[in-house]
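J.: Quick note: the sequence shown uses this note's numbering, first residue 602, plus one each step. Yeah, the Cβ is synthetic: ideal placement off N, Cα and C, and Gly gets one too.
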Amino acid sequence: MSKFAGEETPLSLRALYQRIVQSITTPRSISRFAIIGVVNTAMGIGLFPAMNWLTDNQIEPNILLVISYVICTISAFILHRCFTFQATGSYQQEIVKYVLFSGLTLAVNALLLNVALHFLHLSANIAQVIISTVLSAALMIANYYGLNYFVFKKK
(Lines of atoms letter the chains of each structure in order from A and count residues from 1; the text may use other names and numbers.)
(Lines give C-alpha, C1' and ligand atoms only; values in the text may rest on other atoms or scores of the structure.)
Protein backbone atom coordinates (compact mmCIF):
# COMPACT_ATOMS: atom_id res chain seq x y z
CA MET A 1 0.00 0.00 0.00
CA SER A 2 1.22 3.47 -0.79
CA LYS A 3 0.12 6.83 0.52
CA PHE A 4 -0.94 9.54 -1.89
CA ALA A 5 -2.45 12.75 -0.55
CA GLY A 6 -3.30 10.96 2.68
CA GLU A 7 -5.20 8.11 0.99
CA GLU A 8 -4.19 4.51 0.58
CA THR A 9 -4.07 3.03 -2.91
CA PRO A 10 -4.14 -0.73 -3.38
CA LEU A 11 -1.28 -0.84 -5.86
CA SER A 12 1.50 1.66 -6.41
CA LEU A 13 2.94 2.30 -9.86
CA ARG A 14 6.15 0.62 -8.78
CA ALA A 15 4.29 -2.49 -7.59
CA LEU A 16 2.31 -2.58 -10.84
CA TYR A 17 5.54 -2.30 -12.82
CA GLN A 18 7.08 -5.14 -10.78
CA ARG A 19 4.03 -7.35 -11.39
CA ILE A 20 4.22 -6.70 -15.14
CA VAL A 21 7.95 -7.45 -15.23
CA GLN A 22 7.40 -10.61 -13.18
CA SER A 23 4.63 -11.81 -15.52
CA ILE A 24 6.79 -11.15 -18.57
CA THR A 25 9.59 -13.19 -17.06
CA THR A 26 7.22 -16.07 -16.33
CA PRO A 27 7.41 -17.87 -19.67
CA ARG A 28 5.29 -20.83 -18.57
CA SER A 29 2.12 -18.77 -18.14
CA ILE A 30 2.78 -16.82 -21.34
CA SER A 31 3.47 -19.96 -23.36
CA ARG A 32 0.38 -21.66 -21.90
CA PHE A 33 -1.68 -18.58 -22.71
CA ALA A 34 -0.37 -18.58 -26.29
CA ILE A 35 -0.98 -22.30 -26.82
CA ILE A 36 -4.53 -22.12 -25.43
CA GLY A 37 -5.17 -18.97 -27.46
CA VAL A 38 -4.02 -20.59 -30.71
CA VAL A 39 -6.07 -23.73 -30.06
CA ASN A 40 -9.14 -21.71 -29.08
CA THR A 41 -8.80 -19.40 -32.09
CA ALA A 42 -8.44 -22.39 -34.41
CA MET A 43 -11.52 -23.94 -32.82
CA GLY A 44 -13.50 -20.73 -33.35
CA ILE A 45 -12.28 -20.38 -36.92
CA GLY A 46 -13.33 -23.98 -37.60
CA LEU A 47 -16.67 -23.84 -35.77
CA PHE A 48 -18.08 -20.88 -37.68
CA PRO A 49 -17.80 -22.29 -41.22
CA ALA A 50 -18.62 -25.80 -40.01
CA MET A 51 -21.88 -24.62 -38.47
CA ASN A 52 -22.57 -22.51 -41.56
CA TRP A 53 -22.04 -25.55 -43.77
CA LEU A 54 -24.08 -27.87 -41.53
CA THR A 55 -27.02 -25.45 -41.59
CA ASP A 56 -26.70 -24.93 -45.35
CA ASN A 57 -26.10 -21.18 -44.82
CA GLN A 58 -29.63 -20.83 -43.41
CA ILE A 59 -28.67 -19.27 -40.06
CA GLU A 60 -27.78 -15.60 -39.75
CA PRO A 61 -23.96 -15.19 -39.46
CA ASN A 62 -24.31 -13.13 -36.25
CA ILE A 63 -26.16 -16.02 -34.59
CA LEU A 64 -23.41 -18.44 -35.67
CA LEU A 65 -20.85 -15.99 -34.31
CA VAL A 66 -22.54 -15.91 -30.90
CA ILE A 67 -22.85 -19.72 -30.78
CA SER A 68 -19.17 -20.22 -31.65
CA TYR A 69 -18.17 -17.53 -29.12
CA VAL A 70 -20.14 -19.20 -26.35
CA ILE A 71 -18.49 -22.56 -27.04
CA CYS A 72 -15.01 -21.05 -27.30
CA THR A 73 -15.51 -18.82 -24.23
CA ILE A 74 -16.44 -21.79 -22.06
CA SER A 75 -13.49 -23.79 -23.36
CA ALA A 76 -11.00 -20.94 -22.96
CA PHE A 77 -12.25 -20.02 -19.48
CA ILE A 78 -11.74 -23.55 -18.18
CA LEU A 79 -8.32 -23.94 -19.80
CA HIS A 80 -7.03 -20.50 -18.76
CA ARG A 81 -8.37 -20.85 -15.23
CA CYS A 82 -6.85 -24.28 -14.69
CA PHE A 83 -3.64 -24.21 -16.73
CA THR A 84 -2.57 -20.68 -17.64
CA PHE A 85 -3.28 -18.70 -14.47
CA GLN A 86 -3.95 -21.59 -12.06
CA ALA A 87 -6.62 -19.47 -10.41
CA THR A 88 -7.93 -20.27 -6.96
CA GLY A 89 -10.38 -17.39 -6.59
CA SER A 90 -14.15 -17.45 -6.65
CA TYR A 91 -15.30 -19.43 -9.69
CA GLN A 92 -18.53 -17.41 -9.92
CA GLN A 93 -16.78 -14.03 -9.84
CA GLU A 94 -14.17 -15.13 -12.35
CA ILE A 95 -16.70 -16.47 -14.84
CA VAL A 96 -18.72 -13.25 -14.70
CA LYS A 97 -15.59 -11.17 -15.30
CA TYR A 98 -14.45 -13.52 -18.05
CA VAL A 99 -17.79 -13.35 -19.86
CA LEU A 100 -17.78 -9.54 -19.62
CA PHE A 101 -14.20 -9.42 -20.87
CA SER A 102 -14.98 -11.80 -23.75
CA GLY A 103 -18.14 -9.87 -24.55
CA LEU A 104 -16.03 -6.88 -25.53
CA THR A 105 -14.17 -8.98 -28.08
CA LEU A 106 -17.46 -10.43 -29.33
CA ALA A 107 -18.87 -6.92 -29.84
CA VAL A 108 -15.82 -5.85 -31.86
CA ASN A 109 -15.96 -9.07 -33.86
CA ALA A 110 -19.69 -8.64 -34.60
CA LEU A 111 -19.14 -5.05 -35.73
CA LEU A 112 -16.31 -6.06 -38.05
CA LEU A 113 -18.30 -9.03 -39.38
CA ASN A 114 -21.23 -6.78 -40.26
CA VAL A 115 -18.91 -4.30 -41.99
CA ALA A 116 -17.34 -7.15 -43.97
CA LEU A 117 -20.73 -8.59 -44.95
CA HIS A 118 -22.69 -5.44 -45.74
CA PHE A 119 -20.06 -2.99 -46.98
CA LEU A 120 -17.23 -5.15 -48.31
CA HIS A 121 -19.62 -7.91 -49.52
CA LEU A 122 -17.34 -10.73 -48.35
CA SER A 123 -18.68 -14.20 -47.68
CA ALA A 124 -19.39 -14.87 -44.01
CA ASN A 125 -16.87 -17.70 -43.78
CA ILE A 126 -13.99 -15.78 -45.35
CA ALA A 127 -14.79 -12.64 -43.37
CA GLN A 128 -14.90 -14.51 -40.06
CA VAL A 129 -11.62 -16.35 -40.69
CA ILE A 130 -9.88 -13.04 -41.45
CA ILE A 131 -11.48 -11.20 -38.53
CA SER A 132 -10.77 -13.99 -36.01
CA THR A 133 -7.15 -14.25 -37.04
CA VAL A 134 -6.46 -10.51 -37.06
CA LEU A 135 -8.46 -9.81 -33.89
CA SER A 136 -6.77 -12.62 -31.96
CA ALA A 137 -3.31 -11.47 -32.97
CA ALA A 138 -4.07 -7.80 -32.31
CA LEU A 139 -5.56 -8.38 -28.86
CA MET A 140 -3.23 -11.10 -27.60
CA ILE A 141 -1.17 -8.89 -25.25
CA ALA A 142 -4.19 -6.93 -24.03
CA ASN A 143 -6.07 -10.18 -23.36
CA TYR A 144 -3.16 -11.67 -21.41
CA TYR A 145 -2.94 -8.68 -19.08
CA GLY A 146 -6.71 -8.31 -18.83
CA LEU A 147 -7.13 -11.93 -17.83
CA ASN A 148 -4.11 -11.90 -15.54
CA TYR A 149 -4.97 -8.69 -13.66
CA PHE A 150 -8.76 -8.40 -13.97
CA VAL A 151 -10.28 -11.86 -14.30
CA PHE A 152 -7.84 -14.23 -12.58
CA LYS A 153 -5.99 -11.77 -10.37
CA LYS A 154 -4.00 -13.25 -7.56
CA LYS A 155 -4.77 -12.24 -4.00
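Does residue 636 pass the burial test, meaning 16 or more other C-beta atoms within 10 Å, or should it be called exposed?
T.: Classification for residue 636: exposed.
J.: Select from 702, 694 and 665 the residue whose C-alpha is nearest the C-alpha of residue 714.
T.: Ranking the options by Cα distance to residue 714, first place goes to 665.
J.: How would you label residue 615, buried or exposed, when you count the other beta carbons within 10 angstroms and need 16 or more for buried?
T.: With fewer than 16 Cβ atoms within 10 Å of its Cβ, residue 615 is classed as exposed.
J.: Quick one: Cα of residue 658 to Cα of residue 632, how far?
T.: Their backbone Cα atoms lie some 37 Å apart in a straight line.
J.: Thinking C-alpha only, which one of 680, 654, 649 and 656 is nearest residue 667?
T.: Checking every option, the nearest Cα to that of residue 667 belongs to 649.
J.: What is the DSSP secondary structure of residue 656, counted as helix, strand or coil?
T.: In the structure shown, residue 656 sits in coil (DSSP, three-state: anything other than H, G, I, E or B).
J.: For residue 688, name the three-state secondary structure that DSSP assigns.
T.: In this structure, residue 688 counts as coil in the three-state DSSP scheme.
J.: Report buried or exposed for residue 661, applying the criterion of at least 16 other Cβ atoms within 10 angstroms of its Cβ.
T.: Residue 661 comes out exposed.
J.: By DSSP, does residue 632 sit in helix, in strand, or in coil?
T.: Residue 632: helix per DSSP, three-state reduction.
J.: Can you confirm whether the segment 687–702 touches the segment 747–754 when touching is taken to mean that 3 or more C-beta pairs between the two stretches lie within less than 8 Å?
T.: Taking 8 Å as the limit for Cβ pairs, the verdict is that the segment 687–702 does touch the segment 747–754.
J.: Cα-Cα, which of 703, 730 and 689 is closest to residue 744?
T.: Per the Cα distances, 703.
J.: Using a Cβ-Cβ cutoff of less than 7 Å, which residues in the same chain neighbour residue 718 once the five nearest sequence positions on both sides are dropped?
T.: If we look at residue 718 and ignore the five residues flanking it on each side, its Cβ neighbours are 662, 725 and 728.
J.: Could you give the DSSP three-state label for residue 836: helix, strand or coil?
T.: Because the chain in this structure spans residues 602 to 756, residue 836 falls outside the shown range and cannot be described.
J.: If you check the beta carbons only, do residue 645 and residue 673 fall under 7 Å apart?
T.: Yes, the Cβ-Cβ distance between residue 645 and residue 673 is below 7 Å.
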